[in-house]
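Student: To get our numbering, take the position in the sequence shown, counting from 1, and add 47.
Think of the CB as a built atom: it goes at the ideal place given N, C-alpha and C, for glycine as much as any other residue.
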Amino acid sequence: MGTLYLVGTPIGNLEDVTLRGLRVLEEVSLIAAEDTRRARVLLDRYEISTPVTSYFEGNKQRKLGTLLAALETGDVALISEAGMPGLSDPGYELVRAALERGHGVVAVPGPSAPIAALVVSGLPTDRFLYLGFLPRRPARRRALLAQVAAAPWTLVAFEAPHRLQDTLTDLETALGGDRPVAICRELTKRFEEVWRGTLSQARARFAAQEPRGEFTLVIGGAEAEEWDEKRVRAALEERLARGAPRSQAVREVAVLSGWGRRRVYRLGLREGEEEERGPGAERRGVVKLQRHGVHGENTEKP
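1. Give the single residue among E276, A254, T245, R278 whose Cα lies nearest to the Cα of L264.
2. Give every residue of the same chain whose Cβ lies closer than 6 Å to the Cβ of A42, excluding the five residues on either side of it in the sequence, and list them in chain order.
3. Tell me the DSSP secondary structure of E240 in three-state form.
4. Going by CA-CA distance only, name the one from A291, L165, G268, Q248 that's closest to R232.
5. What did DSSP end up calling I58 once you bin it into helix, strand or coil?
6. Pull up the distance between the alpha-carbon of K107 and that of A197, whole angstroms please.
7. For F180, which option in S168, R313, P161 has the closest C-alpha, if you only look at C-alpha atoms?
8. Expressed to the nearest angstrom, what Euclidean distance is found between the alpha-carbon atoms of V142 and V153?
9. Shortest alpha-carbon distance to E119 belongs to which of T220, S294, E219, G49?
10. Tell me which residues share the same chain as G149 and place their Cβ nearer than 8 Å to its Cβ, disregarding the 5 neighbours each side in the sequence.
11. L125 to R184, Cα distance in whole Å?
12. Counting C-beta neighbours from all protein chains within 10 Å, is the total for P326 16 or more, i.e. buried, or is it exposed?
13. Suppose you measure from the CA of R226 to the CA of I95; what does that come to, to the nearest Å?
14. Taking C-beta to C-beta, are L170 and T201 nearer than 8 Å?
15. Classify T220 as helix, strand or coil using the three-state DSSP reduction.
16. Is L211 closer than 8 Å to P258 when the C-beta atoms are compared?
Written out as structure tokens, the structure is:
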């Protein structure tokens, strides 16, 4: 049985490919490439003649069986259009299918646009949230940004030049104009540029200059805010009104607010008791919450 190799390829500068990556590409029986034309540029540069087949979002269902069959008789390398395969491409589906059939899966690390942008941004790198390509439709994009607006982690996302201005407007609205941002363009290429400032400054800057190239956005996380009881209760009620299970609502609010889960649980319990008074009400409230998977035995300190 063959092994599936996930090989990182250059995101712009062909000299960034690793020696191990070149060796693997030369030794495998087949290369599955998200973009065969870009793959040929790299392979021709290093005189690698391994057969290449396409594997991308549009043909993944049709090609999956072909690649799994190839793994039965030899090793296969998967490469994306640029960077590490499996990020913002259908690579993970091939990985999952190969694992289910008992094949080995090996990463051959290489360039990565999200990581390259993150480390040059000047923003915190200890925790970050990768959003991939932001939704094209404005409503979906705004909904996603609303979900991550309070996240304390650095955000990393891709955006196309013709949507950059609209996205910056949505970001400023959702996150606030003072949020720091690094806008990375054409990383590792000849016209590489990293612009740093705030979201409001970015919107003005790129409104005055037509965006060109491939963009990676790195945005600072939300600053920690002190949540009072009123705000926690409102957030809990809003999620319950949407139909979220009580256990999920408590968990989400605990993460956003910085409160311990046990403390949020107690507030939710007290809220329920205010709506249901009478003999045995406290016990009924406890049973009701526990049926939804919320327990008061959490060892977190209030």
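Tutor: Once the coordinates are examined:
1. T245
2. For residue 42 there is no data in the structure shown, the boundaries of the chain being 48 and 349.
3. strand
4. Selected option, being the one with the closest Cα: L165.
5. Reduced to three states, the DSSP call for I58 is coil.
6. 35 Å
7. Per the Cα distances, P161.
8. When rounded, the distance between both Cα atoms is 10 Å.
9. Restricting attention to T220, S294, E219, G49, the CA atom closest to the CA of E119 is found in G49.
10. Cβ neighbours of G149 beyond the five flanking positions: M48.
11. 30 Å
12. At P326, the pLDDT of 48 sits below 50, so the modelled position is not reliable; the number obtained from the coordinates is stated separately. Counting Cβ neighbours within 10 Å, P326 comes out exposed, since fewer than 16 surround it.
13. 46 Å
14. yes
15. helix
16. yes
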